[in-house]
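The structure appears below as structure tokens.
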Ligand SMILES: Cc1cc2nc3c(=O)[nH]c(=O)nc-3n(C[C@H](O)[C@H](O)[C@H](O)COP(=O)(O)OP(=O)(O)OC[C@H]3O[C@@H](n4cnc5c(N)ncnc54)[C@H](O)[C@@H]3O)c2cc1C
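In the working numbering, the protein residues as written are 145 to 533.
Take a look at the structure:
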């Protein structure tokens with residue numbers, strides 16, 4: 145099947161509406177949130193009311209039913225405007241597991257509220273302190289007990305858990321030594337965070353390099369109703385994998401947004417800042433890193449578009465989604481480095497916002513999956529080389 149890939153400003157009206165909202169949330173807003181490690185409630189509310197965060201929820205469940213590329217464009221514009229896309233990203237994609245694998249009753253119960261912003265499903269608990277990227281070894285257990293599961297264990301880096309009504313949780317329901325494949329025996333649950341704080345559920349904020357509202361979570365025999373199991377018990381790992389390509393594409397396009405912001409700031413500053421009697425941008429030592437970062441960003445953007453086009457056409461896109469994430473995260477970082485160097489000492493002044501974005505964009509090489517793990521995917525699944533783990 146042929147897929148179409150638009151070059152240039154696709155979804156111009158969508159981009160324009162996002163930019164108009166973002167213009168009301170300047171750097172001072174984000175700096176203040178960082179000072180208090182707070183959640184951008186007003187920003188998220190505006191995006192939700194404009195219908196952007198329900199972009200991927202089908203119309204029959206109250207969303208806008210847009211293609212993945214449109215959702216990616218929304219996130220790109222948020223970051224390209226100097227704002228932060230992570231909360232929007234979470235509200236957009238975490239519900240994907242529910243949408244694809246939930247029962248009709250679960251979908252009718254939760255999706256309209258998520259689309260309308262009445263319910264925040266922005267927390268996703270996969271990573272654990274002792275198992276890291278080796279997800280199938282995770283230790284959090286969910287044991288069936290009548291009409292409930294009892295969950296015990298620990299998650300780390302669960303972002304937004306303090307600000308989310310529900311979380312999507314991956315836990316082991318059958319011990320690893322009782323399954324034939326290590327990917328079996330894991331299950332996905334919707335956990336209501338509102339009901340159980342202090343009663344089998346403890347959430348502790350992690351002080352981090354960026355304001356990501358990230359936490360560690362402790363479960364101690366937390367009762368989760370069996371009706372909150374998504375899909376079949378034991379198939380959870382496959383359900384999570386199913387959603388990863390979409391997430392990679394969204395994250396990659398977000399990184400492109402950061403890169404565009406860095407390049408715009410750098411070129412402007414390089415034209416305006418006069419030292420030794422001429423704009424610093426007239427020096428090739430200043431100009432070329434910005435030009436190179438732009439070239440690499442453009443190349444990464446094309447792969448992001450190709451991955452999204454394949455995804456939206458229902459075609460296999462695992463390789464493209466992973467490569468898009470790899471290239472976009474690195475291109476954004478190079479653009480960030482160019483911006484730091486171009487701004488000289490002023491890059492360190494918080495009011496210029498460069499240092500904040502630089503810290504934020506570094507994350508894309510580590511989360512939701514680190515660069516090495518993407519390279520391992522390409523090496524093994526695309527190029528057929530032996531497995532390293
Ligand atoms: C700010 C922030 C927010 C996050 N939000 C969430 C969230 O909401 N939900 C969630 O579940 N997780 C979240 N994470 C966790 C994130 O997904 C993980 O940090 C990431 O997947 C890497 O896992 P790890 O930190 O355990 O690193 P490790 O798995 O310990 O890896 C450490 C390093 O070793 C490398 N490495 C490991 N194994 C291999 C190998 N076989 N070959 C080559 N290199 C290897 C990795 O690439 C990495 O560079 C977040 C993390 C951060 C920092």
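Ideal Cβ placement from N, Cα and C applies to all residues, glycine included.
**Asked** Skipping 5 residues on each side, what residues in its chain have a beta carbon closer than 6 Å to that of residue 201?
**Response** 207, 255, 259
**Message:** Quick check: the Cα distance between residue 287 and residue 511, rounded to an integer number of angstroms?
**Reply:** 29 Å
**Asked** According to DSSP, what are the bridge partners of residue 267?
**Response** 311
**Three or more C-beta pairs below 8 Å linking the segment 403-411 and the segment 421-434** = yes
**Asked** In chain order, what residues have a CB nearer than 6 Å to some heavy atom of ligand 1?
**Response** 268, 269, 270, 271, 276, 277, 301, 302, 303, 352, 356, 358, 507, 510, 511, 512, 513, 514, 516, 517, 520, 532, 533
**Prompt:** Start and end of the beta strand (DSSP E) containing residue 510?
**Reply:** Careful: residue 510 lies outside any beta strand (DSSP E) and carries neither H nor E.
**Asked** What span of residues does the beta strand (DSSP E) with residue 297 cover, start to end?
**Response** 292-303
**Prompt:** Is it true that the CB of residue 352 sits closer than 7 Å to the CB of residue 537?
**Reply:** Residue 537 cannot be examined here, being either before or after the span of the chain that is shown, 145 to 533.
**Item:** Simplified DSSP state of residue 358, which is helix, strand or coil
**Value:** strand
**Request:** Taking the CB atoms as reference points, tell me whether residue 454 and residue 445 lie closer together than 7 Å.
**Result:** no
**Request:** Per DSSP, which residues does residue 316 bridge with? Please list them.
**Result:** 285, 330
**Prompt:** Quick one: what does DSSP say residue 200 is sitting in, helix, strand or coil?
**Reply:** coil
**Message:** Looking at the secondary structure, which residues open and close the alpha helix (DSSP H) in which residue 400 lies?
**Reply:** 380-416
**Request:** Jot down the residue ranges of each uninterrupted alpha helix (DSSP H) in the segment 408-468, minimum 4 residues, whole runs only, in chain order.
**Result:** 428-456
**Prompt:** Could you check where the alpha helix (DSSP H) with residue 222 kicks off and where it finishes?
**Reply:** 212-224
**Message:** By the DSSP assignment, the beta strand (DSSP E) with residue 347 in it spans what residues?
**Reply:** 345-349
**Prompt:** What three-state label does DSSP hand residue 336 in the structure shown?
**Reply:** strand
**residue 526 versus residue 280: straight-line alpha-carbon distance, rounded** = 22 Å
**Message:** Just to confirm before moving on: does the CB-CB distance between residue 399 and residue 483 stay below 7 Å?
**Reply:** no
**Request:** Would you mind stating whether residue 289 and residue 334 have Cβ atoms separated by less than 7 Å?
**Result:** no
**Pairwise C-alpha distance: residue 225 and residue 218** = 11 Å
**Message:** What does DSSP give as the partner residue(s) for residue 374 in the beta ladder?
**Reply:** 332
**Request:** For residue 235, collect the residues of the same chain with a Cβ closer than 6 Å to its Cβ; drop the 5 residues on either side in sequence, then sort them by chain order.
**Result:** 197, 266
**Asked** Does the beta-carbon distance from residue 332 to residue 271 come in below 7 Å?
**Response** no
**Asked** Nearest to residue 487 by alpha carbon, out of 450, 336, 406, 378?
**Response** 406
**Prompt:** Given a threshold of 16 other Cβ atoms within 10 Å of its Cβ, counted over all protein chains shown, does residue 213 qualify as buried or as exposed?
**Reply:** buried
**Reduced DSSP secondary structure (H/G/I, E/B, other) of residue 169** = coil
**Item:** Alpha-carbon spacing of residue 187 relative to residue 358, whole angstroms
**Value:** 18 Å
**Prompt:** Does the distance from the CB of residue 449 to the CB of residue 149 come in under 7 Å?
**Reply:** yes
**Item:** Contact check, residue 535 vs residue 517, beta carbons under 7 Å
**Value:** In the structure as shown, the chain starts at 145 and stops at 533, and residue 535 therefore has no counterpart that could be examined.
**Item:** Coarse secondary structure for residue 278, derived from DSSP in three states
**Value:** coil
**Request:** Would you give the residue range spanned by the alpha helix (DSSP H) that residue 236 belongs to?
**Result:** 230-237
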